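Engineer:
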């Protein structure tokens, strides 16, 4: 946008914000006041371009340490902009043998920190809407890290989606699921609508998973666009190739390397409608917002992960 964008539209009106803003600069404004559609909002290490009327976009990432990244921008049908940096509420629930979910309060779900494990951590959170059956296009041909082959990336991504489809977990739990979606791979060279500064750009109607540069401590970023009724219509995922050391096996990892399959499984959880779980006593659920180096436990689901995907896509 030009400098004219920062000038007042008419005498007596509040000045329009610049082309890159914080949440407080646009929250509550109408997109028509300053042609705000296309303005980038940034907060907490991520950003998103203000979408069209009747659309919401969320940016949610997995980080190596520190606070998780979350940003949601909604534009109502009338044009009002609402920005949130608060992640969805943490829920606690245990799946009972009859298929119902027993909701737990935090005190009921809390045990001594040293007693926590991914099999007694029942925390999860839910993003808006339910993902509809759709194709996820995997760009396995461009910008791959040197030690990640095309076949490697393809097999890891398919296996990670199957973890969610099958409810594969490390806790001996079993539950029928009806998780939609399929990975399409081969010769695709589509790009995720994600910029190198962790910004969800403008949706193009195609769901893409790829490698590309991300900034800061972000390992993977998922961007999802929703209708005004909360139905997801596009999801893009990018994994960092800028200065990241990835491993693809559960042995021989050292230093500050990260398990690619664990991060892929996490990001696909976002695509399927799950937010971040709690970090209880160092718990390591698949949907925990942080992952430590050489940690491959998130390749399979924990108790809260299974509850969350069951609530979203129970069979």
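In our numbering, the protein residues as written are 205 to 519.
Think of the CB as a built atom: it goes at the ideal place given N, C-alpha and C, for glycine as much as any other residue.
Remember, it's a predicted structure, so these values are computed and weren't measured experimentally.
Expressed to the nearest angstrom, what Euclidean distance is found between the alpha-carbon atoms of residue 404 and residue 289?
Structural biologist: Rounded to the nearest angstrom, the two C-alpha atoms are 15 Å apart.
Engineer: Do residue 513 and residue 528 have their beta-carbon atoms positioned less than 8 Å apart in this structure?
Structural biologist: The structure shown does not extend to residue 528, since the chain is modelled only from 205 through 519, so no value can be given for it.
Engineer: For residue 473, report the span of its alpha helix (DSSP H) as first-last.
Structural biologist: Run containing residue 473: 464-475, per the alpha helix (DSSP H) assignment.
Engineer: Pull up the distance between the alpha-carbon of residue 500 and that of residue 238, whole angstroms please.
Structural biologist: Cα to Cα, residue 500 sits roughly 47 Å from residue 238.
Engineer: Which of the three DSSP states, helix, strand or coil, is assigned to residue 510?
Structural biologist: Of the three classes helix, strand and coil, the one that applies to residue 510 here is helix, per DSSP.
Engineer: Is residue 206 helix, strand or coil when you go by DSSP?
Structural biologist: At residue 206 the pLDDT is 35, less than 50, meaning the model places this residue with poor confidence and gives no usable figure here.
Engineer: So, with DSSP's three-state summary, where would you put residue 349?
Structural biologist: Correct three-state label for residue 349: coil.
Engineer: For residue 320, tell me which candidate among 507, 511 and 519 has the shortest Cα-Cα distance.
Structural biologist: The residue with the shortest Cα to Cα distance from residue 320 is 507.
Engineer: Which residues in the same chain as residue 284 place their Cβ atom closer than 6 Å to its Cβ, once the five residues preceding and following it in sequence are excluded?
Structural biologist: Closer than 6 Å at Cβ, skipping near neighbours: 234.
Engineer: Give me the Cα-Cα distance between residue 302 and residue 220, rounded to the nearest whole angstrom.
Structural biologist: Taking the straight line joining both Cα atoms gives about 56 Å.
Engineer: Among 437, 263 and 332, whose alpha-carbon lies nearest the alpha-carbon of residue 293?
Structural biologist: Nearest C-alpha to residue 293: 332.
Engineer: Please report how far the alpha carbon of residue 483 lies from the alpha carbon of residue 280, in whole angstroms.
Structural biologist: Rounded to whole angstroms, residue 483 to residue 280 spans 33 Å at the Cα level.
Engineer: How big is the Cα-Cα spacing for residue 473 and residue 368?
Structural biologist: Between residue 473 and residue 368, the C-alpha separation is close to 8 Å.
Engineer: Short of 7 Å in beta carbon distance, which residues of its chain neighbour residue 467, apart from the five on each side in sequence? Order them along the chain.
Structural biologist: So the qualifying residues of the chain are 266, 423, 424, 443 and 495.
Engineer: Grouping DSSP H, G and I as helix and E and B as strand, with all else coil, what is residue 494?
Structural biologist: If DSSP states are grouped into helix, strand and coil, residue 494 belongs with the strands.
Engineer: Who are the near neighbours of residue 435 in its chain, counting only those whose CB is closer than 6 Å to its CB and skipping five residues on each side?
Structural biologist: Taken in chain order, the residues that qualify are 333.
Engineer: State the beta-bridge partners of residue 398 as determined by DSSP.
Structural biologist: According to DSSP, residue 398 bridges with 404.
Engineer: Go ahead and label residue 386 buried or exposed: buried means 16 or more other beta carbons lie within 10 angstroms of its beta carbon, across all protein chains shown.
Structural biologist: Residue 386 is exposed by the Cβ-count criterion.
Engineer: Please say whether residue 480 and residue 272 have beta carbons closer to each other than 8 Å?
Structural biologist: Contact: yes.
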